[in-house]
Amino acid sequence: MMKPILLPILAATAAATDLLLPLYQYPANNGGAWSPIEQAMTANPSLTFKVIINPNNGPGGPGQGIDDPQYAAGTKALASHPNAQLIGYVHTSTDWGATRCNVPWPSITADIKRWATWPARGVAIKGIFIDEAPVNTANDCVAYMRNLTTFLRTDPDVVRAFGTNKPIIVFNPGGVGALQPYYDLQPDLIVALETCFVVPARAGGGGTYDDQCSPAGGYERYDHDGVGSSLDNVVFPSVGRANAARTAVLVHGFHDFNGPAANMSATVGVLGQLIRGVVQRKIGATFFNTAGYHTFTDGPASIGAAASALRAANGA
């Protein structure tokens, strides 16, 4: 009798969703203001924290950034965690979004080269976050972003700074649009949706919260038609599900009520549902926060709660 041949069973390994944290908070108290982020890193060792460092809409000039003892202490402390990837901030717009890709080439490349000096000074910068990235092909933005991406991958000073590892490259258009030409440039992530949870009547106005969403801004109220609805109805019809792994979604203003269609209030339980919806759709990175990007301890979406929920969703 022939014995059956037992074939090995290969376990499918799903790529995890990372946490992409825009850290625009000053690291006061010798970097101690960032201790809640460090605590979240320690409590969730399987979760990758991609942390965007932004001293002054970029690396900052003399006396700022790594020259500031507070930033030197804070960034070194974050970088000491094995699940941390620090990413430096630059932007492409001189008028903050009205015209993309118009920062002069010498200016934006000088900022990138300043970031490239940080590893030699004790801070392991792993990549570059390009804010105010384009949402369409106007103003010859495809050529601008192609040249910028090539510069990051081939400039001798930048390559030397990142060593054998290619720099992580993140584009932040902040919204959907004609993004496929930018996905074709093969960045690691594109932030295809940066929006808020809170109802528009509260967004950006009053209270103690820094929502950063204006009532007149036309923002998508995140998942107001149910868990996953913003991805299914807004993001994927524009960028396509095939780009999910290189897509990031950032949500702030996670407080109060999110409209009658979803009938959801901002609770830790709802936070977990929304984050599971992101992970189930194989999105590459996400972040949920109750306030803006200058404080991370407000509940219910504190950095600890958001990181814990994301780690749990990845492991589900």
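Residue numbers (mature numbering (1 follows the signal peptide of the UniProt record, and there is no 0)): -16 to -1, 1 to 300. Think of the CB as a built atom: it goes at the ideal place given N, C-alpha and C, for glycine as much as any other residue. On a predicted model such as this, the values are computed, not experimentally measured, just so you know.
According to DSSP, what are the bridge partners of N156? Here N156 is bridged, per DSSP, to D115.
From the DSSP output, read off the bridge partner residues of V233. L177, T270
Check each candidate in G253, Y166, V254 and name the one with the smallest Cα separation from V223. Y166
Residue environment, W80, which counts as buried when at least 16 other CB atoms sit within 10 Å: exposed
Can you tell me whether R144 is buried or exposed? The criterion is at least 16 other CB atoms within 10 Å of its CB, across all chains shown. The residue in question, R144, is exposed, as its Cβ has fewer than 16 Cβ neighbours within 10 Å.
Going by DSSP in three states, K110 sits in which element: helix, strand or coil? strand
Measuring alpha carbon to alpha carbon, tell me which residue in L258, P6, N273 is nearest D115. Taking only the C-alpha atoms, the option nearest D115 is P6.
Contiguous alpha helix (DSSP H) assignments of at least 4 residues, all confined to the stretch 42 to 125: 53 to 63, 89 to 99
Under the DSSP definition of a beta bridge, which residues are partnered with D2? A269
Terminal residues of the continuous alpha helix (DSSP H) containing V143? 140 to 146
Is the beta carbon of P157 less than 8 Å from the beta carbon of L163? yes
From the DSSP output, read off the bridge partner residues of L7. I37
Quick check on A(-5): buried or exposed, where buried means 16 or more other Cβ atoms within 10 Å of its Cβ? With a pLDDT of only 41 at A(-5), under 50, the local geometry of the prediction cannot be trusted, and no value is derived from it.
Own chain partners of P29 with C-beta closer than 7 Å, once the 5 adjacent residues on each side are dropped: N67
Does the structure place the stretch 28 to 43 close enough to the stretch 67 to 76 that three or more beta carbon pairs sit under 8 Å? yes
In three-state DSSP terms, what is A290? If DSSP states are grouped into helix, strand and coil, A290 belongs with the helices.
Contact under 8 Å by Cβ, C180 with G237: Using a Cβ distance threshold of 8 Å, C180 and G237 count as a contacting pair.
For my contact list, G15 and Q48 are in at a C-beta cut-off of 8 Å; report their separation, rounded to the angstrom. Contact flag wrong, Cβ pair sits at about 15 Å.
Beta-carbon proximity of I174 to R230, cut-off 8 Å: yes
Count the other C-beta atoms from every protein chain shown that fall within 10 angstroms of the C-beta of P118, then say buried if there are 16 or more, exposed otherwise. buried
Give the DSSP-derived three-state secondary structure of F241 in the structure shown. strand
Around the C-beta of P(-9), are 16 or more other C-beta atoms found within 10 angstroms, so that it is buried, or is it exposed? Residue placement at P(-9) is flagged as unreliable, the pLDDT there being 43, under the threshold of 50; a coordinate-derived value is accordingly withheld.
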